[in-house]
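Engineer: Take a look at this one; I'll ask things after.
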Amino acid sequence: MSIVRKIIVSSLLSAMVSVSAFGAAVPAGAAASEVPAGIMDAAGATASKESGRTVLPPLDLPSVSKAIAGLPNKEATAALVFVGTPTQSWMGASGVSDLRTSAPARADGRFRIGSITKVFTAAVVLQLAAEGKVDLDKPIQSYLPGLLPESYPPIQVGQLLHYTSGLPSPKLPDGVKESDLPAMTWTPEEVVRLAVTQPMEFEPGTRQHYANINYFLAGLLIEAVTGNTYETEVESRIIIPLRLYDTYLPGSDIRILGNHALGYQAVEQNGKPELVDVTEGSQSFTWAAGQIISTTSDLDTFMTALFRGQLVPEDQLQHMFTVPDVPAWSPDGKDAGRATMSMGMSRAVINGITFWGKTGARPGYANGMFATRDLERRVVYSVNSTDAKGAGENKLGLRIAMSAFGVLPKSAP
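Residue numbers for the sequence shown follow our numbering, beginning at 169 and rising by one.
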């Protein structure tokens with residue numbers, strides 16, 4: 169573990185000088201065409217029902233630039249963005265990679281992608297399903313005998329992937345706090361055992377509850393049916409074929425290798441708000457649910473190949489764009505709406521336009537990867553948020569995504 173740096177926010181903000189370093193737009197053909205007449209919403213997005221093609225306003229790079237301007241500030245120290253259309257792609261960065269030196273953040277920097285890892289994991293399981301090595305309707309207990317309690321009901325592999333398993337989340341041992349986890353090392357089996365000491369949350373297939381435990385079992389499934397490590401399968405099936413040169417699984421290495429912006433977390437210490445460097449730490453408690461390190465460009469390459477059916481055959485790929493028709497689970501039994509997660513991804517509908525992708529966060533890094541199903545617009549971002557694991561949406565990340573898709577409300581700043 170590197171030396172932890174603590175920077176008092178009050179004195180830091182008064183001394184900060186905003187840095188904004190943006191990449192230039194890289195045209196890949198003609199500029200985006202004007203928005204044709206169609207079903208117009210308040211933000212200017214349209215949906216063409218006749219062609220089945222999503223039609224969005226032309227890419228507005230000044231709006232994206234404005235969304236990440238003014239960094240560092242008390243909410244974030246840096247932001248990295250990749251935006252793409254069928255005819256354009258653009259990378260940009262704002263803020264600093266190191267608060268001590270004020271070195272500008274680089275658009276090609278690596279970051280911890282957090283739960284976007286689940287998209288990789290789901291893709292590998294669906295590849296194995298296409299190869300006849302995994303049956304999505306078969307209980308996970310038949311692949312991993314003895315791992316779950318005998319009192320648990322059969323849980324289908326597919327129910328793991330879209331979070332309808334009913335499995336409980338891990339309960340930390342007495343005396344261990346979530347903030348302690350980056351300094352600790354866990355095996356996947358140990359994490360599962362921390363969960364299954366508790367009763368099921370609901371009958372499998374009847375609710376949806378987003379929880380990492382599902383993807384720990386998915387990772388163990390990959391190892392069980394292939395005889396290889398989870399890391400080996402992700403590398404051989406996705407990273408190497410797609411030439412994702414800046415993407416890797418760190419294993420036990422607590423560092424981020426290569427160029428990257430440091431991650432900071434705002435904490436209260438001695439009655440004062442301080443920023444703590446949380447860049448390094450064990451990712452074993454996230455494993456197949458959140459350990460991968462990548463870049464915005466590599467994630468765009470991955471997302472594009474996935475959506476085009478170049479990684480997962482069409483019959484299995486449809487699972488990644490299908491949300492189960494069940495209610496979302498709530499621990500207090502209150503109405504939590506309907507399910508929004510598919511196998512590996514999530515669905516978002518803004519102003520009548522549907523986007524697919526995934527968010528992911530680790531301390532110091534809040535990220536997102538989204539596109540329309542037809543890839544008419546794509547965005548990948550990483551925000552060095554000072555509260556990356558906080559409850560609710562990351563406001564800056566949401567603003568970046570909405571500006572990239574051209575669906576910012578007219579009253580948005």
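For every residue, glycine included, the Cβ atom is placed at its ideal position computed from N, Cα and C. A quick note: this is a predicted structure, and the numbers were derived from the prediction, not measured.
Could you compute how far the alpha carbon of leucine 340 sits from the alpha carbon of alanine 351?
Structural biologist: In the sequence shown, counting from the first residue as 1, residue 340 sits at position 172. In the sequence shown, counting from the first residue as 1, residue 351 sits at position 183. Looking at the two C-alpha atoms, the distance is approximately 14 Å.
Engineer: Would DSSP call tryptophan 455 helix, strand or coil?
Structural biologist: As a position in the sequence shown, residue 455 is number 287, starting the count at 1. Helix at tryptophan 455.
Engineer: Which partner residues does methionine 509 have in the DSSP bridge list?
Structural biologist: Indexing the sequence shown from 1 puts residue 509 at position 341. In DSSP, methionine 509 forms a bridge with Ser514.
Engineer: Looking only at DSSP bridge pairs, what is lysine 440 linked to?
Structural biologist: As a first step, residue 440 must be located in the sequence shown, where it is residue number 272. DSSP lists Gln437 as partners of lysine 440.
Engineer: CB glycine 512 to CB tryptophan 455, shorter than 8 Å?
Structural biologist: Walking along the sequence shown from the start, residue 512 turns up at place 344. Walking along the sequence shown from the start, residue 455 turns up at place 287. Taking 8 Å as the Cβ cut-off, glycine 512 and tryptophan 455 do not qualify as a contacting pair.
Engineer: Among Pro317, Tyr398, Gly326, Ser262, which one has its Cα closest to the Cα of glycine 238?
Structural biologist: The count along the sequence shown starts at 1 and reaches residue 238 at position 70. Distance from the Cα of glycine 238 is smallest, within the candidate group Pro317, Tyr398, Gly326, Ser262, for Ser262.
Engineer: Does the beta-carbon of threonine 289 have 16 or more other beta-carbons within 10 angstroms, so that it is buried, or is it exposed?
Structural biologist: Numbered from 1 along the sequence shown, position 121 holds the residue referred to as residue 289. Answer is buried; the Cβ neighbour count reaches 16.
Engineer: Between the beta-carbon of alanine 298 and the beta-carbon of leucine 479, is there less than 8 Å?
Structural biologist: As a first step, residue 298 is located in the sequence shown; it is residue number 130 there, counting from the start. As a first step, residue 479 is located in the sequence shown; it is residue number 311 there, counting from the start. Taking 8 Å as the Cβ cut-off, alanine 298 and leucine 479 do not qualify as a contacting pair.
Engineer: Is the beta carbon of glycine 326 closer than 8 Å to that of glutamate 371?
Structural biologist: If you number the sequence shown from 1, residue 371 lands on position 203. If you number the sequence shown from 1, residue 326 lands on position 158. In this structure, glycine 326 does not lie closer than 8 Å to glutamate 371 by Cβ.
Engineer: Could you tell me whether any non-hydrogen atom of the ligand ZN is closer than 7 Å to the CB of phenylalanine 538?
Structural biologist: Ligands displayed in this structure: none; no statement on the ligand ZN is therefore possible.
Engineer: Sort Gly560, Leu425, Gly565 by Cα distance to valine 547 and report the nearest one.
Structural biologist: Counted from its first residue, the sequence shown places residue 547 at position 379. With distances taken between Cα atoms, valine 547 lies closest to Gly565.
Engineer: Residues bridged to threonine 522 by DSSP?
Structural biologist: Position 354 of the sequence shown, counted from the first residue, corresponds to residue 522. According to DSSP, which records beta bridges pairwise, threonine 522 is partnered with Val517.
Engineer: So the candidates are Leu543, Gln451, Thr332; which of them puts its Cα closest to the Cα of aspartate 468?
Structural biologist: Residue 468 sits at position 300 when you count from the first residue of the sequence shown. For aspartate 468, the nearest C-alpha among the options comes from Leu543.
Engineer: Going by DSSP, name the residue or residues bridged to proline 495.
Structural biologist: For the purposes of this step, residue 495 is taken as residue 327 along the sequence shown, with counting starting at 1. Paired residue(s): Arg506.
Engineer: With DSSP collapsed to three states, give me the class of valine 141.
Structural biologist: Lying before the first or after the last residue shown, residue 141 is absent from the chain, which here runs from 169 to 581.
Engineer: Let's test the definition: count the other Cβ atoms within 10 Å of the Cβ of proline 499 and tell me whether it reaches 16, buried, or not, exposed.
Structural biologist: As a first step, residue 499 is located in the sequence shown; it is residue number 331 there, counting from the start. Answer is exposed; the Cβ neighbour count stays below 16.
Engineer: For the alpha helix (DSSP H) containing alanine 359, name the first residue and the last one.
Structural biologist: Taking the sequence shown and counting its residues from 1, the one referred to as residue 359 is at position 191. Just to set this straight, residue 359 is valine in the shown sequence, not alanine. For valine 359, the enclosing alpha helix (DSSP H) stretches over residues 356-363.
Engineer: What is the rounded straight-line gap between the Cα of alanine 507 and the Cα of tyrosine 549?
Structural biologist: Translated into positions along the sequence shown, residue 507 becomes position 339. Translated into positions along the sequence shown, residue 549 becomes position 381. About 24 Å.
Engineer: Would you identify the three-state DSSP class for histidine 377, choosing helix, strand or coil?
Structural biologist: Here residue 377 is taken as the residue at index 209 of the sequence shown, counted from 1. Coil at histidine 377, not helix or strand.
Engineer: Answer with buried or exposed for serine 216, where buried requires no fewer than 16 other C-beta atoms within 10 angstroms of its C-beta.
Structural biologist: For the purposes of this step, residue 216 is identified with residue 48 of the sequence shown, where counting begins at 1. Because serine 216 carries a pLDDT of 45, less than 50, the predicted location of this residue cannot be relied on, and no value is offered for it.
Engineer: Using the C-alpha atoms, what's the distance from glutamine 324 back to valine 494?
Structural biologist: Position 326 of the sequence shown, counting from 1, holds the residue named residue 494. Position 156 of the sequence shown, counting from 1, holds the residue named residue 324. Whole-angstrom Cα-Cα distance: 16 Å.
Engineer: Taking Cβ to Cβ, would you say valine 446 is nearer than 8 Å to glycine 532?
Structural biologist: Counting from one through the sequence shown, the residue named residue 446 turns up at place 278. Counting from one through the sequence shown, the residue named residue 532 turns up at place 364. Going by C-beta atoms, valine 446 is nearer than 8 Å to glycine 532.
Engineer: In angstroms, rounded to a whole number, what distance separates the CA positions of threonine 374 and leucine 328?
Structural biologist: Locating residue 374 in the sequence shown gives position 206, where the first residue counts as 1. Locating residue 328 in the sequence shown gives position 160, where the first residue counts as 1. Approximately 13 Å between the Cα atoms of the pair.
Engineer: Given this structure, state the Cα-to-Cα distance separating isoleucine 518 from alanine 572, to the nearest angstrom.
Structural biologist: Here the question's residue 518 lines up with position 350 in the sequence shown. Here the question's residue 572 lines up with position 404 in the sequence shown. Rounded to whole angstroms, isoleucine 518 to alanine 572 spans 13 Å at the Cα level.
Engineer: Output the boundary residues of the alpha helix (DSSP H) element that contains tyrosine 398.
Structural biologist: For the purposes of this step, residue 398 is taken as the residue at position 230 of the sequence shown. Unbroken alpha helix (DSSP H) run through tyrosine 398: 398-402.
Engineer: Nearest to glycine 282 by alpha carbon, out of Asn552, Lys234, Lys563?
Structural biologist: Locating residue 282 in the sequence shown gives position 114, where the first residue counts as 1. Answer by Cα proximity: Asn552.
Engineer: If you compare alpha carbons, which of His428, Lys526, Ser450, Ile521 is closest to leucine 248?
Structural biologist: By 1-based counting over the sequence shown, the position of residue 248 is 80. Leucine 248 has its Cα closest to that of His428, out of His428, Lys526, Ser450, Ile521.
Engineer: Once you ignore the five residues that flank phenylalanine 453 on each side, which residues in its own chain have a CB closer than 6 Å to its CB?
Structural biologist: Taking the first residue of the sequence shown as 1, we reach residue 453 at position 285. These residues qualify, in order along the chain: Leu349, Trp354.
Engineer: Could you check which residue in Val251, Pro240, Ala244, Arg221 has the C-alpha nearest to that of methionine 570?
Structural biologist: Along the sequence shown, read from residue 1 onward, the residue named residue 570 stands at position 402. Selected option, being the one with the closest Cα: Val251.
Engineer: Out of Glu448, Thr394, Arg541, Val491, point me to the one whose CA is closest to tyrosine 311's CA.
Structural biologist: In the sequence shown, residue 311 corresponds to position 143, counting from 1. Nearest option by C-alpha distance: Thr394.
Engineer: Using beta-carbon positions only, say whether histidine 330 and serine 510 come within less than 8 Å of one another.
Structural biologist: Within the sequence shown, residue 330 is the residue found at index 162, counting from 1. Within the sequence shown, residue 510 is the residue found at index 342, counting from 1. For histidine 330 and serine 510, yes; Cβs fall inside 8 Å.
Engineer: Since tryptophan 524 and arginine 541 are thought to touch, with beta carbons under 8 Å apart, how far apart are those beta carbons, to the nearest angstrom?
Structural biologist: Position 356 of the sequence shown, counted from the start, is the residue given in the question as residue 524. Position 373 of the sequence shown, counted from the start, is the residue given in the question as residue 541. Right, their Cβ atoms sit about 6 Å apart.
Engineer: In three-state DSSP terms, what is aspartate 466?
Structural biologist: In the sequence shown, counting from the first residue as 1, residue 466 sits at position 298. Reduced to three states, the DSSP call for aspartate 466 is helix.
Engineer: State buried or exposed for alanine 425, treating a residue as buried only when at least 16 other CB atoms are found within 10 Å of its CB.
Structural biologist: Taking the first residue of the sequence shown as 1, we reach residue 425 at position 257. The question names alanine, but residue 425 in the sequence shown is leucine. Exposed, because fewer than 16 other Cβ atoms sit within 10 Å of the Cβ of leucine 425.
Engineer: Determine the contact status of threonine 285 and alanine 473, defining contact as a CB-CB distance below 8 Å.
Structural biologist: Residue numbering aside, residue 285 sits at position 117 when the sequence shown is read from its first letter. Residue numbering aside, residue 473 sits at position 305 when the sequence shown is read from its first letter. Not a contact, by the Cβ cut-off of 8 Å.
Engineer: Rounded to a whole number of angstroms, what is the C-alpha to C-alpha distance between glycine 536 and proline 230?
Structural biologist: Counting from 1 along the sequence shown, the entry for residue 536 is found at position 368. Counting from 1 along the sequence shown, the entry for residue 230 is found at position 62. Whole-angstrom Cα-Cα distance: 20 Å.
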